[in-house]
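Engineer: For the sequence shown, position 183 (counting from the first letter as 1) is numbered 198 according to the numbering used here, and the numbering increases by one without interruption. Take a look at the following structure, please.
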Amino acid sequence: MHFLENFSPQLVVASPGRINLIGEHTDYNMGYVLPTAIEKKITFQLQKNESDTHCRIYSKGYDTGFELDLRHIAISKIEWENYILGVLHEILKRTDGLRGFDCIVESNLPSGSGLSSSAALECGLVFGLNELFDLGLPKMEMVKLSQTAEHTFVGTQCGIMDQYASVMSEAGHVILLDCRSLERRMIPVSLDPFKLILLNTKVSHNLATSEYNVRRRECEEGVAIIQRDFPKIRSLRDVTEKMLTECRDKMGEVVFKRCSFIVAENQRVLEAAEALGQNDLDHMGRLLYKAHEGISKLYEVSCAESDFLVDFTKENPLVLGARQTGGGFGGCTLNIVHRDGVDSFIKSASEAYAKAFDISLEAFEVTPSQGTTIVRKG
Ligand code: GLA
């Protein structure tokens, strides 16, 4: 794209991916989650151009770009463009300060790996444009606007966790977020001598978006059934195991399984927050295993590759716990591993995984990191 030749960015912004220690699919059920940003991120170089409405976006990773007119924003057939277009559409609904700009996007965050590269892309763009054009959007508005963009332009009816974690995270902390009230508690984490290791299955089964929306509907169906007996409940977050058992005969087996997972998972988040506070990593590890069991058997959003990697850790005394992180159907598993065992764990997991699936595993350590930030201005 010809703008690249004379590009001198006025602003550089970085927006991170995230892990979620525990609390999967609880966000859209108004429950709790425990995410934090990681070091891997998407970087945006931005400059205003002379035009009122003409914008040019170039992705270094895809080595391709597109141009658009702010007066005519419509859904594209190319998926990654929709994250950008959706965000611009939502900004234009809320402010009138946006003008033509050029942007180069660069990422070291693997996409489709359950680390929320989508939220990083959405949140980084709105954060950067807010700064560049002085739009005056508060952080929480940027979080919500990015979530809406994903609903309307991408079609995933996601919860708020990813965008919230991408923007609000603080280094050295995980966020205990109440997805109903949006109140948060920052929990300091010191895992030493343990480390958080991600194993990237490198598979991302296509089911992800469609099945995600199906899960959401199944949960809503469960809520509607439980409400007949317990009219005060508003979401699965309000449901206890006892209520669910009482309603079991009134719902199909699948809906029951989905609801059981969410009710238990929500409790696990609170237990995990407590365990982290007391530095009880053994307990934390056990919760990770239980969560994965539910993800796989009850919520059915795992896959053979993730199950294999989680099972593989169970024989290893230097691994406290493991589970698939993120929306599901592949992506990364999150492992709590003693520092003395990290190298041998990665080596043996890589060998076993290559043998079983003929895929070379990607493994890296992550630490709780800072949310979206300005890297350079002017
Ligand atoms: C995706 C969604 C989130 C959340 C997770 C599952 O990452 O974007 O809102 O629902 O899946 O916990």
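All residues carry an ideal CB built from backbone N, CA and C; glycine is no exception.
Tell me which residues share the same chain as SER311 and place their Cβ nearer than 7 Å to its Cβ, disregarding the 5 neighbours each side in the sequence.
Structural biologist: Taking the first residue of the sequence shown as 1, we reach residue 311 at position 296. Result list for SER311: SER317 and ASP322, in chain order.
Engineer: Determine contact between the segment 101–121 and the segment 61–78, defined as no fewer than three beta-carbon pairs at a distance below 8 Å.
Structural biologist: Because the criterion of three Cβ pairs below 8 Å is met, the segment 101–121 and the segment 61–78 touch.
Engineer: Along the chain, which unbroken stretches of the beta strand (DSSP E) at least 3 residues long are found entirely within the segment 317–347?
Structural biologist: Counting whole runs of 3 or more residues, the segment 317–347 contains the beta strand (DSSP E) stretches 334–339.
Engineer: Between LEU211 and ILE361, which are expected to be in contact by the criterion C-beta below 8 Å, what is the C-beta distance as a whole number of angstroms?
Structural biologist: Taking the sequence shown and counting its residues from 1, the one referred to as residue 211 is at position 196. Taking the sequence shown and counting its residues from 1, the one referred to as residue 361 is at position 346. Rounded, the Cβ-Cβ distance is 13 Å, inconsistent with contact.
Engineer: Report, in whole angstroms, the separation of the C-beta atoms of GLY76 and ALA164, which I expect to be a contact under 8 Å.
Structural biologist: Translated into the one-based positions of the sequence shown, residue 76 becomes position 61. Translated into the one-based positions of the sequence shown, residue 164 becomes position 149. Incorrect: roughly 20 Å between the Cβ atoms, too far for contact.
Engineer: Looking at ASN281 and ligand 2, is the gap between the Cβ and the nearest heavy atom below 7 Å?
Structural biologist: Absence of ligand 2 from the depicted structure is noted, with ligand 1 being the only ligands included.
Engineer: With a cut-off of 8 Å on the beta carbons, I'd call VAL270 and GLU320 a contact; round off their distance for me.
Structural biologist: For the purposes of this step, residue 270 is taken as residue 255 along the sequence shown, with counting starting at 1. For the purposes of this step, residue 320 is taken as residue 305 along the sequence shown, with counting starting at 1. That belief does not hold up - the Cβ atoms of VAL270 and GLU320 are roughly 27 Å apart, past 8 Å.
Engineer: So what does HIS188 bridge to, in DSSP terms?
Structural biologist: Your numbering for residue 188 matches position 173 in the sequence shown. The partner list for HIS188 (beta bridge, DSSP) reads PRO203.
Engineer: Given this structure, state the Cα-to-Cα distance separating THR167 from CYS173, to the nearest angstrom.
Structural biologist: Sequence index remark: in the sequence shown, residue 167 carries index 152 (1-based). Sequence index remark: in the sequence shown, residue 173 carries index 158 (1-based). Those two C-alpha atoms are separated by around 11 Å.
Engineer: Identify every residue that forms a DSSP beta bridge with PRO125.
Structural biologist: Position 110 of the sequence shown, counting from 1, holds the residue named residue 125. Per DSSP, none; premise fails for PRO125.
Engineer: Determine the closest residue to LEU296 out of ASP326, GLU315 and LEU333, with distance taken between C-alpha atoms.
Structural biologist: In the sequence shown, counting from the first residue as 1, residue 296 sits at position 281. For the residues ASP326, GLU315 and LEU333, the minimum Cα distance to LEU296 belongs to LEU333.
Engineer: Would you grab the beta carbon distance between HIS188 and THR51 for me? Rounded to a whole angstrom, and I think it's under 8 Å.
Structural biologist: The residue you call residue 188 lines up with position 173 of the sequence shown. The residue you call residue 51 lines up with position 36 of the sequence shown. Contact holds; Cβ gap of about 7 Å.
Engineer: How big is the Cα-Cα spacing for CYS274 and HIS307?
Structural biologist: Residue mapping note: residue 274 aligns to position 259 of the sequence shown, counting from 1. Residue mapping note: residue 307 aligns to position 292 of the sequence shown, counting from 1. Looking at the two C-alpha atoms, the distance is approximately 15 Å.
Engineer: If you reduce the DSSP assignment to three classes, tell me which class SER397 lands in.
Structural biologist: Only positions 16 to 393 of the chain appear in this structure, which leaves residue 397 out of reach.
Engineer: Just the Cα atoms here: how many angstroms apart are CYS138 and GLU146?
Structural biologist: Here residue 138 is taken as the residue at index 123 of the sequence shown, counted from 1. Here residue 146 is taken as the residue at index 131 of the sequence shown, counted from 1. Rounded to whole angstroms, CYS138 to GLU146 spans 12 Å at the Cα level.
Engineer: Could you pull out every residue in the same chain whose Cβ sits closer than 7 Å to the Cβ of ALA371, ignoring the five residues on either side in sequence?
Structural biologist: Here residue 371 refers to the residue found at position 356 of the sequence shown. Taken in chain order, the residues that qualify are PHE323.
Engineer: Would you say GLY292 and ILE202 are within 8 Å of each other, going by their C-beta atoms?
Structural biologist: Locating residue 292 in the sequence shown gives position 277, counting from the first residue. Locating residue 202 in the sequence shown gives position 187, counting from the first residue. Yes; because the gap between Cβ atoms is below 8 Å, this pair is in contact.
Engineer: ARG33 and ILE53: beta carbons closer than 8 Å?
Structural biologist: Numbered from 1 along the sequence shown, position 18 holds the residue referred to as residue 33. Numbered from 1 along the sequence shown, position 38 holds the residue referred to as residue 53. Yes, they are a contact pair.
Engineer: Between GLN62 and SER184, how many whole angstroms is the CB-CB distance? I'm expecting something under 8 Å.
Structural biologist: To locate residue 62, count along the sequence shown from 1; it is residue 47. To locate residue 184, count along the sequence shown from 1; it is residue 169. The Cβ separation is near 27 Å, so there is no contact.
Engineer: For GLU94, tell me which candidate among SER122, GLY143, VAL169 and ASP42 has the shortest Cα-Cα distance.
Structural biologist: Stepping through the sequence shown from its first residue, residue 94 is reached at position 79. Of the listed residues, the one whose Cα sits closest to GLU94 is VAL169.
Engineer: Report the three-state DSSP secondary structure of GLY300 (helix, strand or coil).
Structural biologist: Reading the sequence shown from its first residue, position 285 is the one you call residue 300. GLY300 falls in the helix class under three-state DSSP.
Engineer: On a Cα-Cα basis, can you pick out the residue from LEU124, LYS108 and SER132 that is closest to LEU152?
Structural biologist: Along the sequence shown, one-based indexing puts residue 152 at 137. Nearest of LEU124, LYS108 and SER132 to LEU152, Cα basis: LYS108.
Engineer: Exposed or buried, what is GLY267 when buried is set at 16 or more other beta-carbons lying within 10 Å of its beta-carbon?
Structural biologist: To locate residue 267, count along the sequence shown from 1; it is residue 252. So GLY267 ends up on the exposed side.
Engineer: Quick check for students: name the residue ranges of the beta strand (DSSP E) that lie wholly in the segment 22–80, counting only runs of 3 or more.
Structural biologist: Counting only runs of 3 or more, we get 26–35, 50–63 and 69–74.
Engineer: Of the residues VAL284, LYS265, GLU39 and LEU302, which one's Cα is nearest the Cα of PHE344?
Structural biologist: Here residue 344 refers to the residue found at position 329 when the sequence shown is read from its first residue. Of the listed residues, the one whose Cα sits closest to PHE344 is GLU39.
Engineer: Which residue comes first and which comes last in the alpha helix (DSSP H) that contains LYS272?
Structural biologist: The sequence position of residue 272 within the sequence shown is 257, counting from 1. That run of the alpha helix (DSSP H) goes 268–292.
Engineer: Would you decide whether LEU349 is buried or exposed? Buried here means 16 or more other CB atoms lie within 10 Å of its CB.
Structural biologist: Working through the sequence shown from its first residue, we reach residue 349 at position 334. Label assigned to LEU349: buried.
Engineer: Looking at chain B, is there any beta carbon in it that lies within less than 8 Å of the beta carbon of VAL189?
Structural biologist: Considering every chain present, this structure includes no chain B. It has just one protein chain.
Engineer: Measuring alpha carbon to alpha carbon, tell me which of ASP193, LEU36 and LEU113 ends up nearest VAL141.
Structural biologist: Translated into positions along the sequence shown, residue 141 becomes position 126. When only C-alpha atoms are compared, the closest one is LEU113.
Engineer: Let me check understanding here. Comparing Cα to Cα, which of ASN215, ALA290 and ASP253 lies closest to PRO125?
Structural biologist: By 1-based counting over the sequence shown, the position of residue 125 is 110. Here the closest residue by C-alpha is ASN215.
Engineer: State the Cα-Cα distance for the pair ILE277 and GLY309, rounded to the nearest angstrom.
Structural biologist: For this step, residue 277 is matched to residue 262 along the sequence shown. For this step, residue 309 is matched to residue 294 along the sequence shown. Their backbone Cα atoms lie some 9 Å apart in a straight line.
Engineer: Just checking GLU235 against ligand 1 - is the residue's beta carbon closer than 7 Å to any of the ligand's heavy atoms?
Structural biologist: Taking the sequence shown and counting its residues from 1, the one referred to as residue 235 is at position 220. Checking the Cβ of GLU235 against ligand 1 gives no.
Engineer: What residue range is occupied by the uninterrupted beta strand (DSSP E) comprising ARG249?
Structural biologist: Indexing the sequence shown from 1 puts residue 249 at position 234. That residue, ARG249, is in no beta strand (DSSP E); it is neither H nor E in DSSP.
Engineer: Since GLY300 contacts GLY341 with CB under 8 Å, what's their CB separation in whole angstroms?
Structural biologist: As a working mapping, residue 300 is identified with position 285 in the sequence shown. As a working mapping, residue 341 is identified with position 326 in the sequence shown. Contact flag wrong, Cβ pair sits at about 19 Å.
Engineer: May I ask whether a heavy atom of ligand 1 can be found less than 7 Å away from the beta carbon of ASP117?
Structural biologist: Walking along the sequence shown from the start, residue 117 turns up at place 102. ASP117 Cβ: outside cutoff for every heavy atom of ligand 1.
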